[in-house]
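Mapping of the sequence shown onto our numbering: residues 5 to 150, in sequence order. Positions of the beta carbon are idealized from the N, C-alpha and C atoms, including for glycine. Reading through the structure tokens given below for one structure.
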Amino acid sequence: MHKLGAEVIICDIDAEKLRDMEEEIKTFACDVSDSTAVDTMFQQIENYGLDILVNNAGIAGPTKLIENITDDEWRDCMAVCIDSQFYCTRRAVPIFKKQQNGVIINLISGAGIMGYPTRSPYVAAKWAVTGLTKSLAMELGPDKKE
Numbered sequence: 005m006h007k008l009g010a011e012v013i014i015c016d017i018d019a020e021k022l023r024d025m026e027e028e029i030k031t032f033a034c035d036v037s038d039s040t041a042v043d044t045m046f047q048q049i050e051n052y053g054l055d056i057l058v059n060n061a062g063i064a065g066p067t068k069l070i071e072n073i074t075d076d077e078w079r080d081c082m083a084v085c086i087d088s089q090f091y092c093t094r095r096a097v098p099i100f101k102k103q104q105n106g107v108i109i110n111l112i113s114g115a116g117i118m119g120y121p122t123r124s125p126y127v128a129a130k131w132a133v134t135g136l137t138k139s140l141a142m143e144l145g146p147d148k149k150e
């Protein structure tokens with residue numbers, strides 16, 4: 005998108021990864037699984053404007069049988085893979101409504117449409133993203149239902 009002339013803002017939890025891009029695009033170090041951090045980031049983003057939100061955060065999560073997955077492993081996977089999309093979308097929608105324009109792209113993997121053994125948290129999170137996306141399309145799309 006940047007090469008086509010778009011102004012791009014990228015965020016990542018790892019500030020070091022962003023350093024190489026800072027000369028060409030705006031970057032934010034942000035843990036998108038933390039709603040307060042997302043709120044802070046969006047306060048900055050509002051100064052630049054927003055046309056497209058791409059929710060792409062994700063972690064693989066544990067690869068274990070369900071009975072061996074800890075609460076923390078489950079929560080960490082959910083926080084990054086689905087909570088982050090909710091937090092960012094919740095902040096982007098008022099911006100889009102105010103300007104009467106905007107696009108949300110929620111990225112998933114094949115896990116968002118099928119299951120995989122020993123990947124329960126990841127698959128559950130990606131199915132949640134699929135459901136969130138379908139609900140948002142009905143809530144915000146051209147045929148919206150409130």
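Could you tell me the boundaries of the beta strand (DSSP E) in which residue i lies?
i, result
"THR31", "30-33"
"ILE56", "56-59"
"CYS81", "Here CYS81 belongs to no beta strand (DSSP E); instead the alpha helix (DSSP H) covers 75-82."
"ASP196", "Given that the chain is displayed from residue 5 to residue 150, the structure contains no residue 196 and the question cannot be resolved."
Quick one: what's got a C-beta closer than 7 Å to residue i's C-beta in the same chain, skipping five residues either side?
i, result
"ALA64", "TYR126"
"GLU77", "GLY65, PRO66, PRO125"
"VAL42", "CYS34, VAL36, TYR91, CYS92, ARG95"
Should residue i and residue j be called a contact, given that it needs their Cβ atoms to be closer than 8 Å?
i, j, result
"ASN59", "THR93", "yes"
"ASP55", "VAL107", "yes"
"GLU20", "HIS6", "no"
Given residue i, which residues of its chain have a CB within under 6 Å of its CB, disregarding the five upstream and five downstream residues?
i, result
"TYR120", "VAL127"
"ILE17", "ASP35"
Helix, strand or coil, according to DSSP, for residue i in the structure here?
i, result
"VAL107", "strand"
For the alpha helix (DSSP H) holding residue i, just list the boundary residues, first then last.
i, result
"LEU140", "124-144"
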